[in-house]
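Here's the structure we're looking at; comments come further down.
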Amino acid sequence: MRQRIIALLLALAVLASVCAVSALAEERTAPEDGKQTDQTASPAENAPETPEALPAETAPEEAQETEETASPSLAGPDLAENVTIQPDALGEVSFANVERRMRENNLQLLTLEQSVLTIEDIDYDKLYDQLWQQLNDIARAQWGLVQASNAMHSLSQIPGSGVTYSDYEYHTSYDQLDRAYAAVREQFDALKEGDMQKDNADVVRQLNNLQDQIVMAGESLYAALTAMEGQGTGLRQQLEGLDRTVEEMELRYQLGQISAMQLAEVKSGRTALESGLATLRMNVRNYKLQLEMLIGAEQTGEIALGPLPEVTAEQLSQMDLEKDLAAAREKSYELYDAAKTLEDARDQYKEDADYWGYNENRMEFRNAKRTWQAAQYTYNNIVQSYELKFRTLFAQVEDYHQIWEAAKVSLACEQSSYAASELKFQQGTISRNALLTAGDGLREAEEKVRSAAGDLFSTYNTYCWAVQHGILN
167 MRQRIIALLL ALAVLASVCA VSALAEERTA PEDGKQTDQT ASPAENAPET PEALPAETAP
227 EEAQETEETA SPSLAGPDLA ENVTIQPDAL GEVSFANVER RMRENNLQLL TLEQSVLTIE
287 DIDYDKLYDQ LWQQLNDIAR AQWGLVQASN AMHSLSQIPG SGVTYSDYEY HTSYDQLDRA
347 YAAVREQFDA LKEGDMQKDN ADVVRQLNNL QDQIVMAGES LYAALTAMEG QGTGLRQQLE
407 GLDRTVEEME LRYQLGQISA MQLAEVKSGR TALESGLATL RMNVRNYKLQ LEMLIGAEQT
467 GEIALGPLPE VTAEQLSQMD LEKDLAAARE KSYELYDAAK TLEDARDQYK EDADYWGYNE
527 NRMEFRNAKR TWQAAQYTYN NIVQSYELKF RTLFAQVEDY HQIWEAAKVS LACEQSSYAA
587 SELKFQQGTI SRNALLTAGD GLREAEEKVR SAAGDLFSTY NTYCWAVQHG ILN
């Protein structure tokens, strides 16, 4: 009989909680669905003292140009989109296909893309309703707990009922529900005020930036590999030249014109060169394995690379330092993150300053003011460093361009010199070895032109990544 009475009282308590839940929700000051309450004071009210303006920009807003501002012109079109992209043959890869193949097959990029899609797939309206329902469910459970506790307390007062009442158990259960309510309410408020959406947008931007950095690293690896293969070609040409020298020195040794020590020194130089070439081949193979992994190809270490595109005069003429720098700053996640950090520091300063009443006599306020000042200096230093790196990159593109032009002039001279050597050889005035040596000089000049063109392209491609994606590293 006693258990039936307790069950009946609990049922009545739960029924009463349904009637009281709306009142409890109002007591919790839960906002109405679809409405937002702005409790933030206007900027003119209670504005804290701020340190004197710094020489460079100190406000994050200045580092985050709005999309309403006219977009500065880019340095040039994206090189991956500036060419007609043909599918790569089996066992080959072209520079134009590196980015596409990485975004389609690279496991790191695919993992990051799934995270981006998960965040972008959030239905904030549906989430708003779910959190609102959770708040009501927790409030209903709390009210039911209160009613049940009152009922149990009343029964425990009846002589002979045998019901014992534990105030500790009631408070423990209620506190757990209260903490759960606070956690859900924090999410609800963040969603209602737009903080959750902003935080998620920041995460998406960070993930996209990380993807871009991985792709840029893949393109840089491709350019480095082409340069290493060019070095290998140059070393093989030097090795061929040394082989002729060794052959000549062996003949001279047999004729008694040189000593055994001189012959040994020449052979030693050839051995060292051959060893260096073997090390270079090993490094090329290892880096090709990395590139194959990045693009999702079979890892053999033998993938064939196509030539790097050539930077055109039109692309170089489109470079504009100040406009391109403005575009890079707008796209840079590094500067965006620095501006967020500065904004957090400013909010903390306002909070601390309000707490200490802007009282210069209080050490705590002075420390808060110094911390805010240091945050501004840090932000300005990041901006200045970014601009310095960009200006340096701009200058490097111009310098590699002039090096390339100078190498082409030298090549023209070597071509004329080789043509003259060929004529002399045909006339019998120079030996075949002299003609081959002249050919070595011509091939060396050709390799310098290719190397300079590769350096120019690699630097210009880095410049394009900076302008179009804000990435400098």
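In this note's numbering, the protein residues as written are 167 to 639.
No residue lacks a Cβ here, since even glycine has one placed at the ideal position from N, Cα and C.
Exposure label - His-337; buried when at least 16 CB within 10 Å: exposed
message: One question on the structure: do Tyr-347 and Leu-301 come within less than 8 Å of each other, judged by their Cβ atoms?
response: yes
- request: Give the single residue among Asn-627, Asp-409 and Asp-344 whose Cα lies nearest to the Cα of Ala-305.
  value: Asp-344
query: Taking the C-alpha atoms as reference points, what is the distance between Asn-527 and Ala-540?
result: 20 Å
task: Decide yes or no for the touch test of the stretch 435–455 against the stretch 597–609: beta carbon pairs closer than 8 Å, at least 3 of them.
output: By the Cβ test, the stretch 435–455 is not in contact with the stretch 597–609, since fewer than three Cβ pairs between them sit closer than 8 Å.
query: How would you label Gln-481, buried or exposed, when you count the other beta carbons within 10 angstroms and need 16 or more for buried?
result: Around the beta carbon of Gln-481, 16 or more other beta carbons sit within 10 angstroms, so the residue counts as buried.
query: Do you know offhand how far Thr-466's Cα is from Ala-255's?
result: One C-alpha to the other measures close to 15 Å.
query: Which same chain residues, not among the five before or five after Val-455, have their C-beta less than 6 Å away from its C-beta?
result: Residue identity check: residue 455 is Leu in the sequence provided, not Val. The residues are Gln-465 and Gly-467.
- prompt: Quick one, which of Phe-531, Phe-556 and Trp-538 has its alpha-carbon nearest Leu-487's?
  reply: Phe-556
- prompt: Which partner residues of Val-259 appear in the DSSP bridge assignment?
  reply: Answer is Leu-471, bridged to Val-259.
- prompt: Excluding five sequence neighbours on each side, which residues of the same chain lie with their C-beta closer than 6 Å to the C-beta of Ala-444?
  reply: none
task: Determine, using beta-carbon pairs with one atom in the stretch 498–509 and one in the stretch 359–379, whether at least three such pairs fall under 8 Å.
output: yes
message: I need the straight-line Cα distance from Ala-534 to Tyr-626, nearest angstrom please.
response: 44 Å
- prompt: Which whole-angstrom value is the C-beta distance of Val-350 and Leu-297, which I expect to be below 8 Å?
  reply: 6 Å
task: Pull up the distance between the alpha-carbon of Tyr-290 and that of Asp-361, whole angstroms please.
output: 12 Å
field: Sequence-distant residues of its chain with Cβ nearer than 8 Å to Glu-476 (five each side left out)
entry: Ala-619 and Phe-623
query: For Ser-624, does the three-state DSSP call read helix, strand or coil?
result: It is helical.
field: Proximity winner among Met-485, Glu-610 and Gly-636, relative to Gly-398 (alpha-carbon distances)
entry: Glu-610
- prompt: So, using beta-carbon positions, are Val-264 and Ile-461 closer together than 8 Å?
  reply: yes
- prompt: Along the chain, where does the alpha helix (DSSP H) that runs through Leu-554 open and close?
  reply: 529–593
- request: Using 10 angstroms around the beta-carbon of Met-529, count the other beta-carbons present and answer buried if the total reaches 16, otherwise exposed.
  value: exposed
- prompt: For the putative contact between Val-615 and Lys-574, defined by C-beta atoms under 8 Å, what is the C-beta separation to the nearest angstrom?
  reply: In this structure Val-615 is in contact with Lys-574, their Cβ atoms being roughly 6 Å apart against a cut-off of 8 Å.
- request: Measure from the alpha carbon of Glu-286 to the alpha carbon of each residue in Lys-364, Glu-270, Gln-308 and Val-312, then state which is nearest.
  value: Lys-364
message: For Gly-257 and Ala-470, which I take to be in contact (beta-carbon distance under 8 Å), what is that distance rounded to the nearest angstrom?
response: 6 Å
query: Going by Cα to Cα distance, which pick from Trp-538, Ala-479 and Gln-372 is closest to His-567?
result: Ala-479
query: First and last residue of the alpha helix (DSSP H) that includes Gly-398?
result: Start and end: 361–420.
- prompt: Short check: CB of Ile-548 to CB of Ala-511, under 8 Å?
  reply: no
message: Give me the residue from Leu-429, Leu-401 and Tyr-552 with the minimum Cα distance to Glu-414.
response: Leu-429
- prompt: Leaving out the 5 sequence neighbours to the left and right, which residues in its chain are closer than 6 Å to Pro-209 when beta-carbon positions are compared?
  reply: In this prediction, Pro-209 scores a pLDDT of 35, lower than 50, which makes its location untrustworthy; the coordinate-derived value is nonetheless stated afterwards. Result list for Pro-209: empty, nothing under 6 Å.
task: Ignore the nearest five residues each way along the sequence and tell me which others in Ser-183's own chain have a CB closer than 7 Å to its CB.
output: With a pLDDT of only 40 at Ser-183, under 50, the local geometry of the prediction cannot be trusted, and the value read off the model is given with reservation. Closer than 7 Å at the Cβ level, and outside the excluded window around Ser-183, lie Arg-306, Trp-309, Gly-310 and Gln-313.
task: May I ask which residues mark the beginning and end of the alpha helix (DSSP H) holding Ala-492?
output: 487–497
- prompt: Leaving out the 5 sequence neighbours to the left and right, which residues in its chain are closer than 6 Å to Gln-372 when beta-carbon positions are compared?
  reply: none
- prompt: Between Leu-278 and the ligand HEM, is the CB less than 7 Å from at least one heavy atom?
  reply: This structure does not include the ligand HEM; it has no bound ligands of any sort.
message: Is it buried or exposed, Thr-628, if we count other Cβ atoms within 10 angstroms and call 16 or more buried?
response: The residue is buried, with at least 16 neighbouring Cβ atoms inside 10 Å.
query: Rounded C-beta distance between Trp-522 and Phe-531? I'm assuming under 8 Å.
result: Between Phe-531 and Trp-522 the Cβ distance is about 4 Å, and since that is below 8 Å, they are a contact.
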